[in-house]
Amino acid sequence: DSSNETNSTARWSRREGKRHAHFDCFSGAAGDMMLSACLDAVGEDGPALLNHIQHCIEEGLPDLKGQFSLEMRKVLRSEMGSIAANYVTVKSLFNHLPAPVPIGDSAADQ
5 DSSNETNSTA RWSRREGKRH AHFDCFSGAA GDMMLSACLD AVGEDGPALL NHIQHCIEEG
65 LPDLKGQFSL EMRKVLRSEM GSIAANYVTV KSLFNHLPAP VPIGDSAADQ
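Under my numbering, the sequence shown has 43 at position 39, and the numbering climbs by one with no breaks.
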């Protein structure tokens with residue numbers, strides 16, 4: 005729904021108050037884990053921010069539009085007590101198979 009995308013874009017484009025997050029990743033950090041942590045930090049607005057991120061990727065890289073989706077869900081880990089966190093996955097249209105190589109117009113490629 006384009007009206008939801010427009011509202012989401014307007015909401016996350018505003019800079020009402022500057023926020024700063026410092027990551028001390030002395031031994032690295034996985035991108036999906038960092039994204040999940042940031043979405044968890046914004047609380048109930050996490051799903052709206054995730055939709056905005058997907059919208060921005062699709063606008064910035066139009067060749068990817070419709071070829072992936074970002075999904076977020078809560079997970080619980082009970083091995084070490086009760087730990088709850090967000091878990092973000094990227095779902096590909098190609099299900100982890102290689103994407104087909106685009107075939108350009110031979111006249112335009114010359």
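Glycine residues also receive a C-beta, built at the ideal position from the N, C-alpha and C atoms.
query: Reduced DSSP category for Asn-90 - H, G, I as helix; E, B as strand; rest coil; result: strand
query: Close-in-space but distant-in-sequence residues of the same chain around Asn-90 (CB under 8 Å, 5 per side omitted); result: Ser-40, Ala-41, Leu-43, Asp-44, Gly-50, Met-76, Arg-77, Lys-78 and Val-79
query: Paired residues, beta bridge with Glu-75 - DSSP; result: Thr-93
query: 8 Å CB neighbourhood of Asp-5 in its chain, flanking five on each side removed; result: Here Asp-5 scores only 49 on pLDDT, less than 50, and its place in the model is too uncertain to base an answer on.
query: Exposed unless 16 or more other CB atoms sit within 10 angstroms - verdict on Leu-101; result: exposed
query: Where Leu-54 falls, given that 16 or more other Cβ within 10 Å makes a residue buried; result: buried
query: Span separating the alpha-carbon of Ala-34 from that of Val-92; result: 12 Å
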